[in-house]
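Residue numbers (my numbering): 601 to 857.
Positions of the beta carbon are idealized from the N, C-alpha and C atoms, including for glycine.
This is the structure we're talking about:
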């Protein structure tokens, strides 16, 4: 089963880690950033990490230090502990879980959810984060799609939530940018070999690498091509020569009518 990507993902720009701006009290992946994106009418891209008690937490990094008033691995803390840790640059709010974000969005804008690789080296998954995400999404009826850089995780999402559109987050995989991966893994993933086996409906590709022949071959086959992450109108214009939609930050793109 290969569910179609909802049409809203093809037209509504997606705010990267929600509409964040710490200068205005809206940290990455925060409730405040989610509210701001919904109010402005933008779609939202968020990230998921796993708590020690198996909950899907909306947080980008593997460790707390950069973004929160604590240190150490996210996965070493349980949901209650993480919800109590203030985000830096916010108004004292803690780390949200996926269920809270789904309530805030309420189906009003498209929500693109990236599951961060939990296994190192894009390895075989234990399915824990995928199960947590699928559980939180049970009963949610708004436009939503799931993705991951790790193809094994996307394949597991296909098994656990076959009705949910899913895709691969993809990249040029320059080994200099991916020190945690071997050159062989980079070379393999760069060719996007897992699109068919994962039952993916789309890819979200690195904005500076959109002209890659493999990416454009998928596009020519009718695969929706999203991209990450543009930071200016000029970058958006260049990306839209190839991609149907953009994930953005640091500026406000126009909304199509």
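Review point. What's the call for residue 764, buried or exposed, on a 16-neighbour Cβ count within 10 Å?
Key: Sequence index remark: in the chain shown, residue 764 carries index 164 (1-based). By the 10 Å Cβ count, residue 764 comes out buried.
Exercise for review: Check the Cβ-Cβ distances between residue 677 and every residue of chain D, and say whether any is below 8 Å.
Suggested key: Structure shown: chain D not included; a single protein chain is present.
Exercise for review: Within its chain, find whatever has a CB closer than 8 Å to the CB of residue 734; leave out the 5 residues flanking it on each side and keep chain order.
Suggested key: As a working note, residue 734 is residue 134 in the chain shown. Around residue 734: 757, 760, 761 and 764.
Point to revise | Unbroken stretches of the beta strand (DSSP E), 3 residues or longer, contained in the region 722-794 | key: 744-748 and 766-770
**Study point:** Own chain, CB closer than 6 Å to residue 611, minus 5 neighbours either side, in chain order
**Key:** As a position in the chain shown, residue 611 is number 11, starting the count at 1. 856.
Check your understanding: Hey, would you say residue 748 sits closer than 8 Å to residue 769, going by beta carbons?
Key -> In the chain shown, residue 748 corresponds to position 148, counting from 1. In the chain shown, residue 769 corresponds to position 169, counting from 1. A contact, by the Cβ cut-off of 8 Å.
**Study point:** The alpha helix (DSSP H) enclosing residue 700, as first and last residue numbers
**Key:** For this step, residue 700 is matched to residue 100 along the chain shown. Looking at the DSSP string, the run of the alpha helix (DSSP H) that includes residue 700 is 698-705.
Point to revise | Where residue 849 sits in the DSSP three-state scheme | key: Counted from its first residue, the chain shown places residue 849 at position 249. Looking at residue 849 - three-state DSSP - the assignment turns out to be coil, as it is neither helix nor strand.
Review point. With a cut-off of 8 Å, do at least 3 Cβ pairs link the region 686-701 to the region 650-657?
Key: yes
Review point. Any idea what DSSP makes of residue 802, helix, strand or coil?
Key: Working through the chain shown from its first residue, we reach residue 802 at position 202. Correct three-state label for residue 802: strand.
Check your understanding: What separation, rounded to the nearest whole angstrom, lies between the Cα atoms of residue 607 and residue 840?
Key -> Sequence index remark: in the chain shown, residue 607 carries index 7 (1-based). Sequence index remark: in the chain shown, residue 840 carries index 240 (1-based). In this structure, the CA atom of residue 607 is about 17 Å from the CA atom of residue 840.
Review point. When the Cα atoms are used, what is the spatial distance from residue 772 to residue 727?
Key: By one-based count along the chain shown, residue 772 stands at place 172. By one-based count along the chain shown, residue 727 stands at place 127. Cα to Cα, residue 772 sits roughly 26 Å from residue 727.
Check your understanding: Based on Cα-Cα distance, which residue from 746, 731, 732 and 621 lies nearest to residue 687?
Key -> Looking up residue 687 in the chain shown gives position 87. It is 621.
Practice item. Mind reading off the beta-carbon distance from residue 754 to residue 798? Whole number of angstroms is fine, and I expect it under 8 Å. Key: Looking up residue 754 in the chain shown gives position 154. Looking up residue 798 in the chain shown gives position 198. With a Cβ gap of about 4 Å, residue 754 and residue 798 count as contacting.
Exercise for review: Give every residue of the same chain whose Cβ lies closer than 6 Å to the Cβ of residue 740, excluding the five residues on either side of it in the sequence, and list them in chain order.
Suggested key: Taking the chain shown and counting its residues from 1, the one referred to as residue 740 is at position 140. If we look at residue 740 and ignore the five residues flanking it on each side, its Cβ neighbours are 702.
Practice item. To the nearest angstrom, report how far apart residue 641 and residue 629 are at their CA atoms. Key: Taking the first residue of the chain shown as 1, we reach residue 641 at position 41. Taking the first residue of the chain shown as 1, we reach residue 629 at position 29. If you take the alpha carbons of residue 641 and residue 629, they lie about 17 Å apart.
Point to revise | alpha helix (DSSP H) runs wholly inside the region 615-660, at least 4 long, in chain order | key: 631-640
Review point. Using the C-alpha atoms, what's the distance from residue 664 back to residue 846?
Key: Taking the chain shown and counting its residues from 1, one reaches residue 846 at position 246. Taking the chain shown and counting its residues from 1, one reaches residue 664 at position 64. If you take the alpha carbons of residue 846 and residue 664, they lie about 27 Å apart.
Point to revise | Residues near residue 645 by beta carbon distance below 7 Å, same chain, minus five either side | key: Taking the chain shown and counting its residues from 1, one reaches residue 645 at position 45. Excluding residues within five positions, the ones whose Cβ falls inside 7 Å are 614, 615, 616, 617, 712, 714 and 847.
Check your understanding: What residue range is occupied by the uninterrupted alpha helix (DSSP H) comprising residue 835?
Key -> Working through the chain shown from its first residue, we reach residue 835 at position 235. Run containing residue 835: 833-839, per the alpha helix (DSSP H) assignment.
**Study point:** Where residue 682 sits in the DSSP three-state scheme
**Key:** Against the chain shown, residue 682 aligns to sequence position 82. Residue state, collapsed to three classes: helix.
Check your understanding: With DSSP run on the structure shown, which of helix, strand or coil describes residue 610?
Key -> By 1-based counting over the chain shown, the position of residue 610 is 10. Under the three-state reduction of DSSP output, residue 610 falls in the helix class.
Practice item. With a 10 Å radius around its C-beta and 16 neighbouring C-beta atoms as the bar for buried, classify residue 722 as buried or exposed. Key: As a first step, residue 722 must be located in the chain shown, where it is residue number 122. In summary, residue 722 is buried, with 16 or more beta-carbon neighbours lying within 10 Å of its beta-carbon over all protein chains present.
Check your understanding: Who are the near neighbours of residue 605 in its chain, counting only those whose CB is closer than 7 Å to its CB and skipping five residues on each side?
Key -> As a first step, residue 605 is located in the chain shown; it is residue number 5 there, counting from the start. Around residue 605: 745, 765, 801, 802 and 824.
Review point. CA-CA distance, residue 670 and residue 781?
Key: For this step, residue 670 is matched to residue 70 along the chain shown. For this step, residue 781 is matched to residue 181 along the chain shown. For residue 670 and residue 781, the distance between alpha carbons rounds to 27 Å.
Review point. What are the partner residues of residue 669, as DSSP defines its beta bridges?
Key: Here residue 669 is taken as the residue at index 69 of the chain shown, counted from 1. DSSP lists no partner for residue 669.
Check your understanding: Given a threshold of 16 other Cβ atoms within 10 Å of its Cβ, counted over all protein chains shown, does residue 729 qualify as buried or as exposed?
Key -> Against the chain shown, residue 729 aligns to sequence position 129. When all chains shown are included, residue 729 counts as buried.
Review point. How is residue 601 classed by DSSP in three states: helix, strand or coil?
Key: Taking the chain shown and counting its residues from 1, one reaches residue 601 at position 1. Of the three classes helix, strand and coil, the one that applies to residue 601 here is coil, per DSSP.
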